[in-house]
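**Student:** Got a structure for you, written out below as structure tokens; questions coming shortly.
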Amino acid sequence: MLARNAQGIYWLGRYLERADLLCRMMGLQVGALVDRPVAEINFSWRRLFASIGHTPSGGLFDFDNDDFTQADSFTLAGEATFEQRNPSSLAACIRMGRENARQMRNCITAEMWTSLNLSYLKFCESDIVSIWRHSPEAFFDETARDLRSFFGVANATMYRDEAWLFLLLGGAVERAQGACSLLLAQAAEEAKGEAALEYGLESLLAVFEAQETYRRRFGFEVAADKVRELLVTDRLLPNSIGSSCDATYEYLSRIGPAPNQDPGKPLRAAGRTCSLIRHDWPDERDRRKLIEKICDGSMLVHTFVDKGFFQYSG
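Be aware that the sequence shown starts at 0, since it is given in numbering that gives the first Met the number 0, and climbs by one per residue.
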């Protein structure tokens, strides 16, 4: 397929996957405002903004009492959700995903465009004031369901050609990078000796939708090393890093060689990243350092995909 079509479909998958992760994080965050201690709310806001690589324009607040928690959280939620100048905001991700879909109308089905466009128009009818008056967590849950409906429609209607594979590839690369960033943000907060560590681990499992899986494997006691073990290595968990890296390798294998001077480079990079999880993880004592390597490996895969399939010459 044309390079510009492949690139547009790939970024469509990335933006919508990024929006889905942010919806899950924000839904948990605003839900925690009802009954969680101030220290835990602080912890989660710092982790959220660190994971998306954005510093709020007014800085991150350190709440010291409940009087300011709601007001300051309102400001932070608005920036993470509706601020167009924040390239990592939910609004920016949905807008860019929809724009890529608009430009690639020839590569997606009419049902996919209708699903995404309706979700976009519904999102545009909201603002932070309107959702804050009622149930902000319900807004994020509904937006996440809308995004997942798009992928369900794609699964039901899209022809299984290269466009389909590039859509899946974009989603898999984004899931791997987003999961790594979130785990590294969690580790950075743990290194500060935060009192909110246990809640941080529980909410981390919730973001990954892995609570039930964790309990089946490890019981009810939440331990940092076991949480990382699950979220990195369990290939049956859809949002795990291992599952995402394996999917990246599979889709690149099915797409085939890149049309540039080193056609196998993206696939080899994906294979090396999978190897870090399969072979290096069990023996590595510094798990945080290894997650950094996995994150770097996933970013390298993206670089080689971009150069190999989208930006090649000749």
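We put the beta carbon where it would ideally sit given N, CA and C, even for glycine.
Could you spell out where the alpha helix (DSSP H) holding residue 248 opens and where it closes?
**Tutor:** 240–254
**Student:** Would you tell me roughly how many angstroms separate the C-alpha atoms of residue 175 and residue 285, rounded to the nearest one?
**Tutor:** 19 Å
**Student:** Closer than 7 Å by C-beta to residue 317: which residues in its own chain qualify, once you throw out the five before and the five after it? Chain order, please.
**Tutor:** With the chain covering 0 to 313 only, the question about residue 317 has no answer from this structure.
**Student:** Classify residue 192: buried if its beta carbon has 16 or more other beta carbons within 10 angstroms, exposed otherwise.
**Tutor:** Residue 192 should be labelled exposed.
**Student:** Going by beta-carbon coordinates alone, are residue 248 and residue 270 separated by less than 7 Å?
**Tutor:** Less than 7 Å divides the Cβ of residue 248 from the Cβ of residue 270.
**Student:** Classify residue 207 as helix, strand or coil using the three-state DSSP reduction.
**Tutor:** Reduced to three states, the DSSP call for residue 207 is coil.
**Student:** Pick helix, strand or coil for residue 2, following the three-state DSSP scheme.
**Tutor:** helix
**Student:** For residue 2, count neighbouring Cβ atoms within 10 angstroms of its own Cβ and tell me buried if that reaches 16, exposed if not.
**Tutor:** By the neighbour-count rule (16 or more Cβ atoms within 10 Å), residue 2 is not buried but exposed.
**Student:** Is it right to say residue 120 is buried, meaning 16 or more other beta carbons lie within 10 angstroms of its own, or is it exposed?
**Tutor:** exposed
**Student:** Please name the residue, chosen from 100, 56, 27, 101, that lies closest to residue 85 on a Cα-to-Cα basis.
**Tutor:** 56
**Student:** Just to confirm, is the Cβ distance from residue 308 to residue 268 under 7 Å?
**Tutor:** no
**Student:** If you follow the alpha helix (DSSP H) that residue 185 is part of, which residue opens it and which one closes it?
**Tutor:** 161–189
**Student:** In chain order, what are the residue ranges of uninterrupted alpha helix (DSSP H) at least 4 long that sit wholly in the region 13–64?
**Tutor:** 37–51
**Student:** Roughly how many angstroms separate the alpha carbons of residue 159 and residue 221, rounded to a whole number?
**Tutor:** 41 Å
**Student:** Going straight from the alpha carbon of residue 237 to that of residue 74, what length do you get?
**Tutor:** 32 Å
**Student:** Smallest Cα separation from residue 228: which of 190, 111, 277?
**Tutor:** Here the closest residue by C-alpha is 277.
**Student:** In this structure, how does DSSP classify residue 222 when only helix, strand and coil are distinguished?
**Tutor:** coil
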